[in-house]
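To keep things clear, I will list the structure first and then write my remarks on it.
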Amino acid sequence: MSDREAIRSRMNTAGIEFLLAQFVDIHGSAKVKMVPYSGFDDMIDSGAGFAGAAVWGVGQGPSSHDMLARIDLATYTPLPWKENTARFAADLFVDGESYPFCPRTNLKRVLAEAKQKGYVFNVGMEPEHFLVTKNADGSLSPWNPDGVDSLAKPCYDFRSMAPAMDYLQELTTALNELGWGVYQTDHEDGNGQYEINFDYQDALTTADRITFFKMATSQIAKKYGAIATHMPKPFADRTGSGLHVHFHLADAETGACLFDDAADKRGLGCSELAYHFIGGVLKHAPALGAVTSPTVNCYKRLQLGSGLYSSRSGYTWTPAFVSYGDNNRTQMIRTAGPGHFEDRTVSAGCNPYLALAAYLAAGLDGIENQIDPGEPNLGNLYEKTPAEILEQGIRILPQSLWEAIQELRQDTVIQGALGVIADEFIELKTQEWETYDRQVTQWEIDEYLTFF
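The sequence shown: position 153 = 153 (full-length UniProt numbering), numbered continuously.
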């Protein structure tokens, strides 16, 4: 039986009546066309049509030919919240040709280049997110139906998490029925903030799942009277939301992890290949940040100095230092175990397809040029001032989207990872910064109205 017929059989068994052809724009937001089940073959062979100029950052104007989203059968995903509907991630085509402005297609290009070198990029991403409600004046509050989620340190707290258990259990059950391997959930460091962890996969599968996760949380949270937000920093005084990336390279033929080495002289159980990969990530970190932290709001969580302690809980848990170390959460990259790295700076607001493409390209550059990341930092970087950090030779991540975009303009490796998307990404993000920079905020009015 062909893949097409196998999926058709599964849909018939499940009672699927409608299909969503889904892709993402440059921001990583899910875009869809809904098609009746009778259009299944057309979705495979031709695709669902879109006017590209109606979508951010796909390189089209009003006179451009239609973009067609052709579904990937491997991404068949019944919607847990609407049982007669299934979603397929799709790749974009124009005039019958694969369209390079598609973020998913772009990631597949970078992954194919890695595979030619003998590598598979395996990734797990931890999607932190908030449940919030809107107040009458338009401001936000953490979703708190029982009035008990108010601790300064709510992380892992039972009473704080209990009101959200129905939401978390419904989401966990749904994802596990899809075969995701959810293995734990918790209340995070901010009031109303949660995280669900599921098994790592190859980078493309993980990016597809993160996109669907955002879709799922938005719909399931509504049943409980909440808005699920993946905005990186919805509250100034609470910890922001990351999309922490756990990763390693595997052998393309055997699947064996290439990052572990019991004989590691640095004592972290990592191979020379792994250190070179990290060396590339650290080298390109300032420009990489424009892709992994691509909004103005992202930089409200990448704090320095006293900002590291500005959360109600006492820590932001988001280091802005270009560094790596042992199992130490004050570093940009911690070694969670032999051959197992975690980057804690990646923002919940990133486009996972673009972020992982850029990340892999940075690491492969490190391997190609055998970049040495130096010795691991084993101390508590939170205890050091920014001046002391710089004296130690550790660089600091950009502190605004503007700074990060200027770094990206000068980094040909990260631009190359974005392919033809790079110019439009830089232009759109420059416009985003300039629009933000022209705003007059309430804080400015309160601070300066009668100041002079």
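Glycine is no exception: its CB is placed at the ideal position from the N, C-alpha and C atoms. Quick caveat, the model's predicted, so the values are computed rather than measured.
With DSSP as the reference, label residue i as helix, strand or coil.
i, result
"I220", "helix"
"V32", "strand"
"I278", "helix"
"D326", "coil"
"H284", "helix"
"G289", "helix"
"D208", "helix"
"V440", "coil"
"Q431", "helix"
"D41", "helix"
"S9", "helix"
"A422", "helix"
"L449", "coil"
"A54", "helix"
"E60", "A small correction: the amino acid at residue 60 is Gln; Glu does not occupy that position in the sequence shown. Residue state, collapsed to three classes: coil."
"L171", "helix"
"Y76", "coil"
"K214", "helix"
"R312", "coil"
"A14", "helix"
"D237", "coil"
Leaving out five residues on either side along the sequence, give the residues of the same chain with a beta carbon under 8 Å from the beta carbon of residue i.
i, result
"G269", "D260, D261, A262, T335, G337, P338 and G339"
"V322", "L282, A285, P286, M332, I394, R395, I396 and L397"
"D166", "Y224"
"G307", "T316"
"I421", "I26, G57, G59, P100, F101, P103, N106 and L354"
"F198", "G124, L175, W180, G181, V182, Y183 and R209"
"Q399", "Y299, L302, L304 and A320"
"S271", "L258, F259, D260, D261, D264 and G339"
"R266", "Y275, E375 and P376"
"G15", "E83 and N84"
From the DSSP output, which residues share a beta bridge with residue i?
i, result
"P319", "Q303"
"E195", "E128 and D186"
"G49", "L68"
"residue 471", "In the structure displayed, the chain extends from 1 to 452; residue 471 sits before or after that span and is not available."
"C257", "A250"
"H230", "DSSP output for H230 lists no bridge partner at all."
"residue 484", "Examination of residue 484 is not possible in this model, given that the chain is present from 1 through 452 alone."
"G242", "S347"
"C270", "D260"
"Q201", "V123"
Excluding five sequence neighbours on each side, which residues of the same chain lie with their C-beta closer than 6 Å to the C-beta of residue i?
i, result
"T85", "F18 and L79"
"G61", "A53"
"N328", "R334"
"D41", "none"
"P163", "P145 and D146"
When every heavy atom of the ligand FAD is checked, does at least one fall within less than 7 Å of the C-beta of residue i?
i, result
"A262", "In the structure on display, the ligand FAD does not appear, and there are no ligands present to speak of."
Could you name the residues of the same chain whose beta carbon sits closer than 7 Å to that of residue i, not counting the 5 residues immediately before and after it, in chain order?
i, result
"P373", "Y275, I278, G279, L282 and Y324"
"A252", "K115, G118, Y119 and V120"
Practice task
Could I get the ranges of all uninterrupted alpha helix (DSSP H) runs contained in the segment 335-419, with 4 residues as the minimum, in chain order?
Solution key: 352-368, 386-391, 401-409 and 412-418
Problem - Contact between the segment 23-37 and the segment 345-359 (3+ Cβ pairs under 8 Å) - result: yes
Problem - Three CB pairs or more closer than 8 Å across the segment 37-46 and the segment 13-23 - result: The segment 37-46 makes contact with the segment 13-23: 3 or more CB pairs, one atom from each, lie closer than 8 Å.
Handout entry: Three CB pairs or more closer than 8 Å across the segment 186-201 and the segment 127-146
Key = yes
Practice task
Tell me the start and end of each unbroken alpha helix (DSSP H) in the segment 78-164 that is at least 4 residues and wholly inside, in chain order.
Solution key: You should have 103-116 and 158-161.
Handout entry: Three-pair Cβ contact test at 8 Å for the segment 432-446 versus the segment 398-408
Key = yes
Practice task
Give a yes or no on contact between the segment 225-238 and the segment 303-314, applying the rule of three or more CB pairs nearer than 8 Å.
Solution key: yes
Practice task
Pair every Cβ in the segment 272-281 with every Cβ in the segment 357-369, then say whether three or more of these pairs are closer than 8 Å.
Solution key: yes
Handout entry: Inter-stretch contact (C-beta, 8 Å, three-pair minimum) for the segment 68-79 and the segment 44-52
Key = The segment 68-79 is in contact with the segment 44-52.
Problem - contact_flag[the segment 101-108, the segment 191-211] where n(CB pairs < 8 Å) is 3 or more - result: yes
Handout entry: Touching by the beta-carbon criterion (3+ pairs, under 8 Å), the segment 342-352 and the segment 225-234
Key = Three or more beta-carbon pairs separated by less than 8 Å link the segment 342-352 to the segment 225-234, which places the two stretches in contact.
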